[in-house]
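2 protein chains.
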Amino acid sequence: MANPTAAMLVIGDEILSGRTRDSNMHHLARKLSEAGIDLREVRFVPDEAEAIIAALNALRHAYDHVFTSGGIGPTHDDITADAVAAAFGVPIDVREDARAILAEHYARNGIEMNAARLRMARIPEGATLIENPVSAAPGFSLGNVHVMAGVPAVFEAMVASLLPRLTGGAPLTSASVDIPRPEGDIAGPLAALAAEFPQLSIGSYPYIREGRFGANVVIRGSDAEAVEAARARLIEMFPGEAR
Amino acid sequence: MANPTAAMLVIGDEILSGRTRDSNMHHLARKLSEAGIDLREVRFVPDEAEAIIAALNALRHAYDHVFTSGGIGPTHDDITADAVAAAFGVPIDVREDARAILAEHYARNGIEMNAARLRMARIPEGATLIENPVSAAPGFSLGNVHVMAGVPAVFEAMVASLLPRLTGGAPLTSASVDIPRPEGDIAGPLAALAAEFPQLSIGSYPYIREGRFGANVVIRGSDAEAVEAARARLIEMFPGEAR
Numbered sequence: 001m002a003n004p005t006a007a008m009l010v011i012g013d014e015i016l017s018g019r020t021r022d023s024n025m026h027h028l029a030r031k032l033s034e035a036g037i038d039l040r041e042v043r044f045v046p047d048e049a050e051a052i053i054a055a056l057n058a059l060r061h062a063y064d065h066v067f068t069s070g071g072i073g074p075t076h077d078d079i080t081a082d083a084v085a086a087a088f089g090v091p092i093d094v095r096e097d098a099r100a101i102l103a104e105h106y107a108r109n110g111i112e113m114n115a116a117r118l119r120m121a122r123i124p125e126g127a128t129l130i131e132n133p134v135s136a137a138p139g140f141s142l143g144n145v146h147v148m149a150g151v152p153a154v155f156e157a158m159v160a161s162l163l164p165r166l167t168g169g170a171p172l173t174s175a176s177v178d179i180p181r182p183e184g185d186i187a188g189p190l191a192a193l194a195a196e197f198p199q200l201s202i203g204s205y206p207y208i209r210e211g212r213f214g215a216n217v218v219i220r221g222s223d224a225e226a227v228e229a230a231r232a233r234l235i236e237m238f239p240g241e242a243r
Numbered sequence: 001m002a003n004p005t006a007a008m009l010v011i012g013d014e015i016l017s018g019r020t021r022d023s024n025m026h027h028l029a030r031k032l033s034e035a036g037i038d039l040r041e042v043r044f045v046p047d048e049a050e051a052i053i054a055a056l057n058a059l060r061h062a063y064d065h066v067f068t069s070g071g072i073g074p075t076h077d078d079i080t081a082d083a084v085a086a087a088f089g090v091p092i093d094v095r096e097d098a099r100a101i102l103a104e105h106y107a108r109n110g111i112e113m114n115a116a117r118l119r120m121a122r123i124p125e126g127a128t129l130i131e132n133p134v135s136a137a138p139g140f141s142l143g144n145v146h147v148m149a150g151v152p153a154v155f156e157a158m159v160a161s162l163l164p165r166l167t168g169g170a171p172l173t174s175a176s177v178d179i180p181r182p183e184g185d186i187a188g189p190l191a192a193l194a195a196e197f198p199q200l201s202i203g204s205y206p207y208i209r210e211g212r213f214g215a216n217v218v219i220r221g222s223d224a225e226a227v228e229a230a231r232a233r234l235i236e237m238f239p240g241e242a243r
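Protein sequences appear in the order of chains A and B.
First residue of the first sequence: 1, per full-length UniProt numbering; consecutive thereafter.
First residue of the second sequence: 1, per full-length UniProt numbering; consecutive thereafter.
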């Protein structure tokens with residue numbers, strides 16, 4: 001059975017303008033890989049309803065899951081929840097269970113509940129909340145779209161809350177081989193290896209380290225024995241160098 | 001007048017699988033911001049022709065510029081140039097000027113030109129080359145799509161080569177000088193050169209080849225005569241070595 005597919009939508013002007021460097025994509029990519037869900041596409045869009053809605057509708061129809069990051073805080077430019085409701089054509093309002101979670105958190109921490117904070121309890125109709133153990137304000141899943149915060153500590157906590165609920169496919173095994181040679185030397189042997197193991201995915205990731213060219217070759221597949229056989233075969237091809 | 005708009009397309013399984021953390025998006029976002037070009041969308045797709053072509057065609061019609069990163073190396077999974085040609089419906093083949101750049105670079109560095117490396121001279125018809133002072137193999141611009149390497153040092157050098165052409169300012173001229181000396185020997189003379197030609201931008205891209213340190217120095221400016229004078233001056237500083 002093929003693994004479930006996924007896309008990610010990262011929302012925020014601050015990343016596109018270069019002010020902030022995103023870290024959530026890399027975190028999610030690693031976690032999905034471990035969970036056997038194939039991340040197939042990532043899009044970054046600004047804090048604009050039209051752009052968010054268009055991307056959501058393209059991605060939610062093309063993949064099994066869509067994970068979003070950003071735009072669910074208390075300020076006026078946090079419009080992700082409204083955009084998700086609009087994309088699905090459902091109403092959105094303050095929801096009692098979300099409001100209660102916030103009220104309890106603020107009361108416990110001596111923080112005032114105000115109109116801005118109450119916006120974070122606006123949840124589209126039909127959604128399931130995603131727990132936020134860091135700062136309480138919940139994310140939510142609506143259909144196959146999972147809406148999470150942009151702040152990395154909160155995003156990561158929400159991913160940890162959410163992932164066990166989603167079905168993973170057969171776990172992938174991977175093996176990595178470091179070959180300290182320029183890719184031009186590696187390409188021929190790698191093509192032969194790919195032909196020998198058609199059931200595996202073999203990728204070459206070049207690097208320059210201290211001025212020297214090399215490549216990490218990554219072999220992936222659901223058949224752990226084939227992955228190991230391909231790894232051994234590749235090391236044989238560059239004796240004393242590959243490892 | 002509104003700023004020109006741009007999108008970026010990052011190509012590579014290794015980023016979506018979480019194996020590699022992309023840094024090119026953040027670099028480009030900062031550089032475009034400085035140049036007054038609005039980065040409006042970024043997409044990450046795998047090394048698959050269909051996904052690359054679909055994303056390219058969506059983005060190149062929606063924005064003034066599209067910048068791509070990744071998939072132009074010598075290995076079997078480097079399919080970006082072919083995908084760009086397919087998206088534009090133009091032929092692609094080894095181009096003589098690109099082949100000559102590679103042949104000269106490999107001859108100078110004692111590297112064998114083989115079939116895998118020759119793939120990097122495949123350029124879609126009608127494209128303009130983007131200079132690569134780090135490892136020679138060029139990028140290219142076809143229409144409003146600018147195709148660059150994924151290795152960060154090479155991507156960054158290509159962005160530096162390309163951006164002055166796009167900003168509507170005076171076009172920049174560049175000259176490259178190869179100095180087979182460690183950067184520690186070069187730094188003093190280079191600082192003197194920068195002081196002598198304050199209107200030029202002078203960058204040093206270090207390398208190690210067969211255990212020897214060297215650097216490609218790239219001189220850029222809008223005054224072509226000054227660039228040529230600085231180039232001649234730099235070669236004088238390392239007689240019999242710089243070229």
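Where a beta carbon is used, it is the ideal one built from N, C-alpha and C, also for glycine.
Here the structure is a predicted model, which is why all the values come from computation and not from measurement.
Ends of the alpha helix (DSSP H) at residue i?
{"i": "A69 of chain A", "result": "The sequence shown places Ser at residue 69 of chain A, rather than the Ala named in the question. From DSSP, S69 of chain A is part of no alpha helix (DSSP H) but of the beta strand (DSSP E) over H65 to S69."}
{"i": "R53 of chain B", "result": "The amino acid at residue 53 of chain B is misidentified as Arg; the sequence shows Ile. Segment A49 to A62, the alpha helix (DSSP H) holding I53 of chain B."}
{"i": "S201 of chain A", "result": "Note, S201 of chain A: premise wrong, no alpha helix (DSSP H); beta strand (DSSP E) at S201 to R209."}
{"i": "L234 of chain A", "result": "A224 to M237"}
{"i": "R30 of chain B", "result": "N24 to A35"}
{"i": "T80 of chain B", "result": "T80 to F88"}
{"i": "R99 of chain B", "result": "E96 to R108"}
In the DSSP assignment, the beta strand (DSSP E) including residue i goes from what residue to what residue?
{"i": "S174 of chain B", "result": "T173 to I179"}
{"i": "residue 277 of chain A", "result": "Outside the shown range of chain A (1 to 243) lies residue 277 of chain A, about which nothing can therefore be said."}
{"i": "A215 of chain B", "result": "R212 to G221"}
{"i": "A6 of chain B", "result": "T5 to I11"}
{"i": "P164 of chain A", "result": "Where P164 of chain A is concerned, there is no enclosing beta strand (DSSP E), given that its DSSP letter is neither H nor E."}
{"i": "D38 of chain B", "result": "D38 to V45"}
{"i": "R122 of chain B", "result": "R122 to P124"}
Roughly how many angstroms separate the alpha carbons of residue i and residue j, rounded to a whole number?
{"i": "A113 of chain A", "j": "V177 of chain A", "result": "One point to set straight first is that residue 113 of chain A is Met, not Ala, in the sequence displayed. If you take the alpha carbons of M113 of chain A and V177 of chain A, they lie about 54 Å apart."}
{"i": "S23 of chain A", "j": "P182 of chain B", "result": "35 Å"}
{"i": "T128 of chain B", "j": "I101 of chain B", "result": "14 Å"}
{"i": "A51 of chain B", "j": "A224 of chain B", "result": "41 Å"}
{"i": "E104 of chain A", "j": "A98 of chain A", "result": "10 Å"}
{"i": "Y63 of chain B", "j": "A55 of chain B", "result": "12 Å"}
{"i": "L162 of chain A", "j": "L28 of chain A", "result": "11 Å"}
{"i": "R212 of chain B", "j": "E210 of chain A", "result": "11 Å"}
{"i": "A175 of chain B", "j": "A49 of chain A", "result": "45 Å"}
{"i": "R243 of chain A", "j": "E125 of chain A", "result": "53 Å"}
{"i": "A136 of chain A", "j": "I92 of chain A", "result": "19 Å"}
{"i": "P139 of chain A", "j": "D77 of chain B", "result": "One point to set straight first is that residue 139 of chain A is Gly, not Pro, in the sequence displayed. The alpha-carbon atoms of G139 of chain A and D77 of chain B are separated by roughly 37 Å."}
{"i": "A187 of chain B", "j": "N132 of chain B", "result": "21 Å"}
{"i": "A232 of chain A", "j": "I179 of chain A", "result": "13 Å"}
{"i": "D47 of chain B", "j": "A160 of chain B", "result": "25 Å"}
{"i": "P164 of chain A", "j": "R21 of chain A", "result": "28 Å"}
{"i": "L9 of chain B", "j": "N57 of chain B", "result": "11 Å"}
Would you mind stating whether residue i and residue j have Cβ atoms separated by less than 7 Å?
{"i": "A134 of chain B", "j": "A153 of chain B", "result": "Contrary to the premise, residue 134 of chain B reads as Val rather than Ala in this sequence. The answer is yes: Cβ separation under 7 Å."}
{"i": "R122 of chain B", "j": "A149 of chain B", "result": "no"}
{"i": "P4 of chain A", "j": "I37 of chain A", "result": "yes"}
{"i": "A189 of chain B", "j": "M158 of chain B", "result": "It is worth fixing the name first, because residue 189 of chain B is Pro in this sequence and not Ala. No; because the gap between Cβ atoms is not below 7 Å, this pair is not in contact."}
{"i": "V45 of chain B", "j": "F44 of chain A", "result": "no"}
{"i": "S222 of chain A", "j": "A215 of chain A", "result": "no"}
{"i": "L39 of chain B", "j": "A6 of chain B", "result": "yes"}
{"i": "V218 of chain A", "j": "R95 of chain B", "result": "no"}
{"i": "I53 of chain A", "j": "A83 of chain A", "result": "yes"}
{"i": "G184 of chain A", "j": "A116 of chain B", "result": "yes"}
Just to make sure I have the definition right: I need the residues of chain E whose C-beta is within less than 7 Å of the C-beta of residue i. Which are they?
{"i": "P46 of chain A", "result": "In the structure shown, chain E does not exist; the protein chains are A and B."}
**Item:** Interfacial residues, the region 200 to 214 of chain A to chain B, with Cβ spacing under 9 Å
**Value:** S201, I202, G203, S204, Y205, P206, Y207, I208, E210, G211, R212 and F213
**Asked** With a cut-off of 8 Å, do at least 3 Cβ pairs link the region 139 to 154 of chain B to the region 60 to 73 of chain B?
**Response** yes
**Request:** Closer than 9 Å, Cβ to Cβ, to anything on chain B: give me those residues from the region 4 to 28 of chain A, in chain order.
**Result:** M8, V10, I15, L16, S17, G18, R19, T20, R21, D22, S23, M25, H26, H27 and L28
**Prompt:** Do the region 86 to 95 of chain B and the region 195 to 204 of chain A make contact, defined as three or more Cβ pairs closer than 8 Å?
**Reply:** no
**Request:** State whether the region 226 to 243 of chain A contacts the region 30 to 42 of chain B, with contact taken as three or more CB pairs (one from each stretch) at a distance under 8 Å.
**Result:** no
**Message:** Closer than 7 Å between beta carbons: that is the criterion. Which residues of the region 139 to 155 of chain B meet it against chain A?
**Reply:** V151 and A153
**Under 9 Å (Cβ pairs) to chain A, residues found in the region 68 to 79 of chain B** = G73, P74, T75, H76, D77 and D78
**Request:** Check distances from the C-beta atoms of the region 113 to 137 of chain B to those of chain A and list, in chain order, the residues that come in under 7 Å.
**Result:** N114, A116 and R117
**Asked** What residues from the region 179 to 190 of chain A come within 9 Å of chain B, judged by C-beta to C-beta, listed N to C?
**Response** P182, E183, G184, D185, I186, A187, G188 and L190
**Asked** Given a limit of 9 Å on CB to CB distance, which residues of the region 214 to 229 of chain A reach chain B?
**Response** A215, N216, V218 and R220
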